[in-house]
Amino acid sequence: MVAQPRGGAGFGIGGKIATTAFAFDGSDTPIKLNGAQKAAVIVQMILHSGGAIPLSVMSEATQVHLARVYASMGPINKATVAKVLTEFAAHLDAHGLSFPVDTSAALDALEGNLSDSLLERMRQIHSPTLPKNTWELIADLPPEELAQRVAAESPRVGAIILSKLPASASSDVMEILEIETANAVTFAISETSAVTTDTVDIVAQTILDSDGANSDGGAFTAKPVARAASLLNAAGSAQRDAVLDALDALDTVFAAQVRKAIFTFADILTRLKPTDIPAIIRVLPGEELNAALKAGMAEHSAVVEFILENLSKRMADAIREELEELPTPTGKIAETAMGKLTAAIRQLEESGDIMLLVVEEEDAT
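Numbers 17 to 381, taken from the numbering used here, label the letters of the sequence shown in order.
And the structure:
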C-alpha cells in the first residue's frame, strides 16, 4: 500500500468528520510516515493490546496535535506497522536511562538519598506553602534592604518585588533606587504579564529565606499597566515625571497607557464625580483630609475648591477655618499628604463604592 491523496472519512476531534491521510490500495510497500504519524501508530498498537499510555505528561498542545494526527490516519498496511515497530524497538534498545518528568517527581525519587533538611527546602522552593501575609511581612523590611535587593536582581525580578509590595512601600524603595534602576524596573513591569504564581512564590521565598521570615504570595491579579500606574501613583511628582519620561524613550505605547492609568491629586477635578466627594470625607480622617487640602492649595487650588464646593456649606466652612490655621506643608510632606487622599479614592474605586470617570483623549487634527 502507498500513501494516497487524503481520502476516506472518520471521526475527528469533537465528533467532527476527519479526512484520513491514507487510503488502502492493497500494496505491501511500507508507507513513509512522519514522526507524529509514527507516534500515532505506537499509541494505536498499545491501546489495541489493552495497554495504557500516560499521555497527560505531555503538554496540552502536543496532546492535541497527536490526537488530531491519530484521528486522521486511516488504514495502513502490515509492512508499515512492522517498520514502525522495528524503529521503535531499536529506539528503546538504544535508550539508556529514563528520568522523572518534573521536579516534584525527581525529589520523590531522591528521597532517602538527600538529607531531609535539603529535600524539604527544595520541595518548599519548588512548591512553596507560604502564609497569606507574605508581602506584608516583606514590606516590613527596611526600605534600604529592599532597595538593595531590587538593585541586585534583574529588572524583571525587581518589577515582581515592587509590584507585590504595597504602594507606599514600593514608593519608599523607588526613592532610594538609582534613577537608571528605577526606570529599568518600571519598564520591566510591562514584561511580567505571564509571570506565574510559582515564580512569585519563589521570589518571595528567596527574600524571606535571606531574612529568616515566612511568607506567601500569588500571581498578579492586576495587569502590568495597572501595577506600573499604582507604583507611580505613590511616587513623588518629580520622580513620577522622570520615570514616565524614561518610559517614553523605552516604550511609547506602554508609557502612554501608564500615563492614562495614573491617578494623581490633579486628576480629582476631572475624574471624580461631585456626588462621590462625601464618600471620600467619610473614609479619610479629618486631620489627614485637612493636611491633603492644605498641601494642594498651593498648586491645585481648583481641586481643593472642587472638593469643598461639593460638601455641605456648614462642613466646607468649618474645613476652611481649620485650613487657615494650618501651616503649608512642602516637599515630601506635601506629597505624602496629597497621596493619602488619592490612595483613599483608589481604595473606594477598588471596592466598588465609587467609579472614576474616564477622560477621553482628544483626537489630533
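Yeah, the Cβ is synthetic: ideal placement off N, Cα and C, and Gly gets one too.
This one's a predicted model, so the numbers in the text were calculated from it and none came from an experiment.
#1: Kindly provide the ranges of any alpha helix (DSSP H) runs that are 4 or more residues long and lie completely inside the segment 268 to 313, ordered along the chain.
#2: Would T208 and R243 be called neighbours here (beta carbons separated by less than 9 angstroms)?
#3: Report the rounded CA-to-CA distance for L305 versus A350, giving the unit in angstroms.
#4: Quick check: the Cα distance between M371 and H316, rounded to an integer number of angstroms?
#5: I want to know whether the segment 354 to 370 touches the segment 276 to 292 - three or more CB-CB distances under 8 angstroms.
#6: Rounded to the nearest angstrom, what separates Q164 and P171 at their Cα positions?
#7: Less than 9 angstroms between the C-beta atoms of I192 and P159, yes or no?
#8: Let me know if D188 comes out buried or exposed under the rule of 16 or more other beta-carbons within 10 Å of its beta-carbon.
#9: For I361, does the three-state DSSP call read helix, strand or coil?
#10: Could you give the residue range of the alpha helix (DSSP H) that holds A254?
#11: Does the distance from the CB of A314 to the CB of A353 come in under 9 angstroms?
#12: Among the residues of its own chain, which have a CB less than 7 angstroms from the CB of A271, if the five just before and after it don't count?
#13: I want to see whether chain C comes within less than 9 angstroms of F270, judged by CB atoms only; does it?
#14: Between I284 and L309, which are expected to be in contact by the criterion C-beta below 8 angstroms, what is the C-beta distance as a whole number of angstroms?
#15: For the alpha helix (DSSP H) containing M16, name the first residue and the last one.
#16: So which of D217, G347 and E303 has the shortest CA-CA distance to G253?
#17: When you compare only the Cα positions, how much space is there between A183 and T212?
#18: Tell me whether E338 sits in a helix, a strand or coil according to DSSP, three-state version.
#19: Could you give the residue range of the alpha helix (DSSP H) that holds A210?
#20: Tell me the DSSP secondary structure of E152 in three-state form.
#21: Where A167 and I176 are concerned, what is the direct C-alpha to C-alpha distance, given to the nearest angstrom?
#22: How would you label K289, buried or exposed, when you count the other beta carbons within 10 angstroms and need 16 or more for buried?
#23: Since N249 is in the alpha helix (DSSP H), which residue starts that stretch and which ends it?
#24: Grouping DSSP H, G and I as helix and E and B as strand, with all else coil, what is K161?
#25: Around the Cβ of G228, are there at least 16 other Cβ atoms within 10 angstroms (buried) or fewer (exposed)?
Let me spell this out:
#1: 268 to 277, 284 to 287, 293 to 299 and 302 to 312
#2: Cβ distance < 9 angstroms, so T208 and R243 count as in contact.
#3: 12 angstroms
#4: 22 angstroms
#5: Under the three-pair Cβ rule at 8 angstroms, the segment 354 to 370 counts as touching the segment 276 to 292.
#6: 13 angstroms
#7: In contact: I192 and P159 (Cβ atoms closer than 9 angstroms).
#8: Answer is buried; the Cβ neighbour count reaches 16.
#9: helix
#10: Taken as a continuous stretch (DSSP letters only), the alpha helix (DSSP H) holding A254 covers S253 to L266.
#11: no
#12: Closer than 7 angstroms at Cβ, skipping near neighbours: L260, L263 and D264.
#13: The question asks about chain C, but that chain is absent: this structure has only one protein chain.
#14: About 11 angstroms separates the beta carbons of I284 and L309, which is beyond the 8 angstroms limit, so they are not a contact pair.
#15: The shown model of the chain, from 17 to 381, leaves out residue 16, and the question about it has no answer.
#16: According to the sequence shown, residue 253 is Ser rather than Gly. Nearest in C-alpha terms to S253, of all of D217, G347 and E303, is G347.
#17: 21 angstroms
#18: Correct three-state label for E338: helix.
#19: Neither: A210 is in no alpha helix (DSSP H) and is coded neither H nor E.
#20: helix
#21: 13 angstroms
#22: exposed
#23: P240 to N249
#24: Residue identity differs from the one stated: residue 161 is Glu in this sequence, not Lys. Three-state DSSP puts E161 in a helix.
#25: Confidence is the limiting factor: at G228 the pLDDT is only 44, short of 50, which leaves the residue's position unreliable, though a coordinate-based value still follows. So G228 ends up on the exposed side.
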